[in-house]
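Here is the structure we will look at, set down as structure tokens.
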Ligand SMILES: Cc1cc2nc3c(=O)[nH]c(=O)nc-3n(C[C@H](O)[C@H](O)[C@H](O)COP(=O)(O)OP(=O)(O)OC[C@H]3O[C@@H](n4cnc5c(N)ncnc54)[C@H](O)[C@@H]3O)c2cc1C
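Residue numbers (this note's numbering): 20 to 341.
Below is the structure:
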């Protein structure tokens with residue numbers, strides 16, 4: 020390891036995006052992670068949407084930064100990112116979400132656009148991200164920029180005492196690595212089916228229910244969701260939950276009833292009261308920049324948070340000698 024190396028711990032969407040941003044800023048980066056890509060990142064739907072994450076002022080800026088990047092990535096079919104139109108609806112009257120002002124095409128849905136039994140909703144176009152394709156794109160971009168990857172478990176940040184800084188993108192792993200008792204997993208499950216001809220996304224505002232309803236088309240496949248079990252971090256897929264997910268989605272779009280299931284995906288949303296992106300000069304003098312706790316919006320926040328990490332590093336690190 021070179022003395023001015025930046026070590027990124029974590030190979031999910033946060034770690035890979037941060038690695039790319041730091042390499043593009045001219046810093047030497049080594050990414051160390053147990054799983055590459057991170058399993059939770061692979062399991063995401065994934066739709067751009069700053070849902071249920073705080074603090075809003077920062078989340079707004081991070082989401083906006085990512086939105087701009089994803090719009091550009093959607094112009095390249097190999098990235099797995101697409102701009103897709105669709106409807107978010109509810110069986111109760113809905114309020115306009117604060118992030119609507121970030122989307123120029125956002126409007127109330129006509130009643131003809133709502134499924135039976137729904138009373139309100141919105142139509143908008145957002146980036147949808149096919150996560151296996153996108154994470155592979157990020158990994159290739161990271162390597163092409165000269166980034167190094169080491170696949171292993173990290174027990175403590177002091178393993179990197181020689182590095183200039185460690186960026187902690189360990190998702191739920193931060194509970195142990197950073198000793199963060201506030202961080203908790205929210206388990207989520209998705210079912211991936213062959214696409215029976217769906218071109219628009221749908222998402223139901225189910226409030227605090229653990230049973231979610233959403234579907235996200237990604238070309239040949241559609242990701243059906245979902246679930247949100249607070250406090251559960253078990254990542255094995257549950258056949259009963261999968262069956263209910265398909266049934267709930269088929270009640271909205273009957274073509275899903277006979278769609279062939281190709282995969283089950285399970286992840287644990289790393290959740291805390293506020294996303295943690297901050298510098299932490301520890302007693303052992305290792306500089307740690309935390310970037311975790313993105314809950315159900317880690318894809319949405321990824322580029323904005325990565326740029327914030329780059330800003331924090333440029334403030335915290337002494338200027339280089341050359
Ligand atoms: C079902 C589901 C649906 C979702 N839908 C969306 C969506 O539509 N839009 C959206 O924006 N977000 C969505 N999310 C949230 C999003 O997936 C997460 O916020 C995001 O993936 C978190 O990424 P991460 O890189 O921080 O963590 P992870 O992907 O969990 O990656 C953590 C990385 O750290 C590594 N690691 C952890 N501990 C250690 C250690 N001790 N040593 C070495 N390596 C370690 C892991 O191996 C892994 O590589 C969804 C999540 C789920 C589960």
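Ideal placement from N, C-alpha and C gives every residue a C-beta, glycine not left out.
Check: Roughly how many angstroms lie between the CA atoms of residue 207 and residue 324, to the nearest whole one?
Finding: The residue labelled residue 207 in the question sits at position 188 within the chain shown. The residue labelled residue 324 in the question sits at position 305 within the chain shown. Roughly 22 Å between the two C-alpha positions.
Note to self: Using 8 Å as the threshold, is the C-beta distance between residue 289 and residue 251 below it?
What the structure shows: For the purposes of this step, residue 289 is taken as residue 270 along the chain shown, with counting starting at 1. For the purposes of this step, residue 251 is taken as residue 232 along the chain shown, with counting starting at 1. No.
Margin query: Considering only DSSP beta bridges, list what residue 111 is partnered with.
Written below: Translated into the one-based positions of the chain shown, residue 111 becomes position 92. Answer is none; residue 111 lacks a bridge partner.
Notebook entry, point to check: With burial defined as no fewer than 16 other Cβ atoms inside 10 Å of the residue's Cβ, what is the status of residue 135: buried or exposed?
Noted result: Here residue 135 refers to the residue found at position 116 of the chain shown. By the neighbour-count criterion, in which a residue is buried when 16 or more other Cβ atoms sit within 10 angstroms of its Cβ, residue 135 is exposed.
Margin query: Using CA atoms only, rank isn't needed, just tell me which of 275, 292, 167 and 276 is closest to residue 24.
Written below: The residue given as residue 24 occupies position 5 in the chain shown. Of 275, 292, 167 and 276, the residue nearest in Cα terms is 167.
Next item on the list: Please state whether DSSP places residue 258 in a helix, a strand or coil.
Entry: Along the chain shown, one-based indexing puts residue 258 at 239. Residue 258: helix per DSSP, three-state reduction.
Notebook entry, point to check: To which residues of the same chain is residue 276 closer than 6 Å at the C-beta, ignoring the five residues directly before and after it?
Noted result: Sequence index remark: in the chain shown, residue 276 carries index 257 (1-based). If we look at residue 276 and ignore the five residues flanking it on each side, its Cβ neighbours are 269.
Next item on the list: Using three-state DSSP, classify residue 143 as helix, strand or coil.
Entry: Counting from 1 along the chain shown, the entry for residue 143 is found at position 124. Residue 143: strand per DSSP, three-state reduction.
Checklist line | CA-to-CA distance, residue 52 to residue 172, given in whole angstroms | finding: Walking along the chain shown from the start, residue 172 turns up at place 153. Walking along the chain shown from the start, residue 52 turns up at place 33. So the alpha carbons of these two residues sit roughly 6 Å apart.
Next item on the list: Please classify residue 164: does DSSP put it in a helix, a strand, or coil?
Entry: Translated into the one-based positions of the chain shown, residue 164 becomes position 145. Coil.
Margin query: Going by DSSP in three states, residue 302 sits in which element: helix, strand or coil?
Written below: In the chain shown, residue 302 corresponds to position 283, counting from 1. Residue state, collapsed to three classes: coil.
Check: How should residue 75 be labelled, buried or exposed, when 16 other C-beta atoms within 10 angstroms of its C-beta is the threshold for buried?
Finding: Walking along the chain shown from the start, residue 75 turns up at place 56. So residue 75 ends up on the exposed side.
Check: From 118, 86, 46 and 98, pick the residue whose C-alpha is nearest to that of residue 72; which is it?
Finding: Looking up residue 72 in the chain shown gives position 53. Checked all of 118, 86, 46 and 98; the closest Cα to residue 72 is 118.
Next item on the list: Can you tell me the Cβ-Cβ gap for residue 239 and residue 219, rounded? I've got them flagged as a contact below 8 Å.
Entry: Here residue 239 is taken as the residue at index 220 of the chain shown, counted from 1. Here residue 219 is taken as the residue at index 200 of the chain shown, counted from 1. Wrong, their Cβ atoms sit about 16 Å apart, outside the cutoff.
Notebook entry, point to check: At which residue ranges does the region 214-253 contain complete beta strand (DSSP E) runs of 3 or more residues, listed in the order of the chain?
Noted result: 220-223, 230-237 and 240-246
Next item on the list: Determine, using beta carbons only, whether residue 54 and residue 224 come nearer to each other than 8 Å.
Entry: Here residue 54 refers to the residue found at position 35 of the chain shown. Here residue 224 refers to the residue found at position 205 of the chain shown. Not in contact: residue 54 and residue 224 (Cβ atoms no closer than 8 Å).
Next item on the list: Report the three-state DSSP secondary structure of residue 206 (helix, strand or coil).
Entry: Looking up residue 206 in the chain shown gives position 187. Of the three classes helix, strand and coil, the one that applies to residue 206 here is strand, per DSSP.
Note to self: According to DSSP, residue 50 sits in a beta bridge with which residue or residues?
What the structure shows: Taking the chain shown and counting its residues from 1, one reaches residue 50 at position 31. Beta-bridge pairing links residue 50 to 27 and 168.
Note to self: Please classify residue 59 as buried or exposed, where buried requires at least 16 other C-beta atoms within 10 Å of its C-beta.
What the structure shows: As a working mapping, residue 59 is identified with position 40 in the chain shown. With 16 or more other Cβ atoms within 10 Å, it is buried.
Check: What is the C-beta distance between residue 291 and residue 202, in whole angstroms, given that I count them as a contact (C-beta under 8 Å)?
Finding: Stepping through the chain shown from its first residue, residue 291 is reached at position 272. Stepping through the chain shown from its first residue, residue 202 is reached at position 183. The pair is a contact, with the Cβ atoms about 5 Å apart (cut-off 8 Å).
Check: Between which two residues does the beta strand (DSSP E) harbouring residue 284 extend?
Finding: Counting from one through the chain shown, the residue named residue 284 turns up at place 265. Where residue 284 is concerned, the enclosing beta strand (DSSP E) stretches over 280-290.
Checklist line | residue 64 beta carbon less than 8 Å from that of residue 50 | finding: Sequence index remark: in the chain shown, residue 50 carries index 31 (1-based). Sequence index remark: in the chain shown, residue 64 carries index 45 (1-based). No, the Cβ-Cβ distance between residue 50 and residue 64 is not below 8 Å.
Item checked: Reduced DSSP category for residue 308 - H, G, I as helix; E, B as strand; rest coil -> Numbered from its first residue, the chain shown carries residue 308 at position 289. In the structure shown, residue 308 sits in a strand (DSSP, three-state: E or B).
Next item on the list: Run the proximity test for residue 351: is its beta-carbon closer than 7 Å to any non-hydrogen atom belonging to ligand 1?
Entry: Lying outside 20 to 341, the shown extent of the chain, residue 351 is not represented and no answer is given.
Next item on the list: Please determine, among 143, 114 and 38, the residue with the shortest C-alpha to C-alpha distance to residue 165.
Entry: Residue mapping note: residue 165 aligns to position 146 of the chain shown, counting from 1. It is 38 whose Cα lies nearest to the Cα of residue 165.
Checklist line | residue 91 - DSSP class collapsed to helix/strand/coil | finding: If you number the chain shown from 1, residue 91 lands on position 72. In this structure, residue 91 counts as helix in the three-state DSSP scheme.
Notebook entry, point to check: So, helix, strand or coil for residue 124, using DSSP?
Noted result: The sequence position of residue 124 within the chain shown is 105, counting from 1. Assignment of residue 124 by DSSP, reduced to helix, strand and coil, places it in the coil class.
Checklist line | residue 311: CB within 7 Å of a non-hydrogen atom of ligand 1 | finding: Translated into positions along the chain shown, residue 311 becomes position 292. Checking the Cβ of residue 311 against ligand 1 gives yes.
Note to self: Am I right that residue 253 and residue 283 are in contact with their C-beta atoms under 8 Å? What's the rounded C-beta distance?
What the structure shows: For the purposes of this step, residue 253 is identified with residue 234 of the chain shown, where counting begins at 1. For the purposes of this step, residue 283 is identified with residue 264 of the chain shown, where counting begins at 1. About 13 Å separates the two Cβ atoms, so there is no contact after all.
Margin query: Using only the alpha-carbon positions, how far apart do residue 243 and residue 296 sit?
Written below: What you label residue 243 is simply residue 224 of the chain shown in a count that begins at 1. What you label residue 296 is simply residue 277 of the chain shown in a count that begins at 1. Looking at the two C-alpha atoms, the distance is approximately 31 Å.
Next item on the list: Compute the minimum distance between the beta carbon of residue 208 and the heavy atoms of ligand 1, and state whether it is under 7 Å.
Entry: Position 189 of the chain shown, counting from 1, holds the residue named residue 208. Checking the Cβ of residue 208 against ligand 1 gives yes.
Next item on the list: Say whether the region 177-197 touches the region 299-306, bearing in mind that this needs 3 or more beta-carbon pairs closer than 8 Å, one atom from each stretch.
Entry: yes
Notebook entry, point to check: Three-state secondary structure (DSSP) at residue 183?
Noted result: Position 164 of the chain shown holds residue 183. It is coil, neither helix nor strand.
Margin query: Can you tell me whether residue 191 is buried or exposed? The criterion is at least 16 other CB atoms within 10 Å of its CB, across all chains shown.
Written below: Against the chain shown, residue 191 aligns to sequence position 172. Answer is buried; the Cβ neighbour count reaches 16.
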